[in-house]
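Reading through the structure tokens given below for one structure.
Residue numbers (our numbering): 2 to 165.
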């Protein structure tokens with residue numbers, strides 16, 4: 002992930018009105034975030050509990066998405082669609098996002114199940130347990146990191162392009 006500042010984050014939103022962008026509560030620890038170990042920047046709004054934001058890098062440029070958490074919680078324990086960690090100790094929730102452009106203005110949305118506090122980058126960096134003799138845990142970790150990046154960008158692309 003490329004390092005981002007306040008103005009870059011605010012300018013990156015593709016599915017939010019100017020009012021919504023001006024109301025964004027940026028993460029308090031923005032200056033101390035280690036972007037080297039992040040595949041995307043995700044956070045929940047401190048003032049609006051059902052609102053969250055995610056910024057990914059698509060074609061070298063940051064793309065921000067405003068997310069809304071569903072009112073209902075899943076009845077069974079869901080799996081995060083991005084990190085797909087099966088040993089999560091954290092909650093996974095359903096977030097929806099208006100699509101960018103006219104589709105979003107017409108009410109078209111896309112949704113995904115994601116770790117409630119966006120811990121995916123940390124989850125995929127944990128070494129997996131050894132599956133068999135000769136198992137390359139580091140290669141498995143690198144594959145999980147690459148897959149997370151692909152899934153985050155695919156979701157962002159579906160918001161941008163109406164695909165998905």
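Beta carbons are placed, not taken as given, at the ideal position from N, Cα and C, and that holds for glycine.
Since we're looking at a predicted model, the values are computed, not measured.
- From the listed residues 20, 32, 23 and 26, the smallest Cα separation to residue 4 is found for 32.
- Shortest Cα-Cα distance from residue 120 to any of 36, 91 and 25 involves 91.
- In the structure shown, the three-state DSSP call for residue 42 is strand.
- Annotation: the continuous alpha helix (DSSP H) that includes residue 125 extends over 121–126.
- Residue pairing for residue 14: DSSP places it in a beta bridge opposite 65.
- Inclusion of residue 98 and residue 16 in the CB contact set at 9 angstroms is warranted, their separation being smaller than that value.
- For residue 134, the number of other beta carbons within 10 angstroms of its own is below 16, and it is reported as exposed.
- Taking C-beta atoms as the reference points, residue 67 and residue 124 fail to come closer than 9 angstroms.
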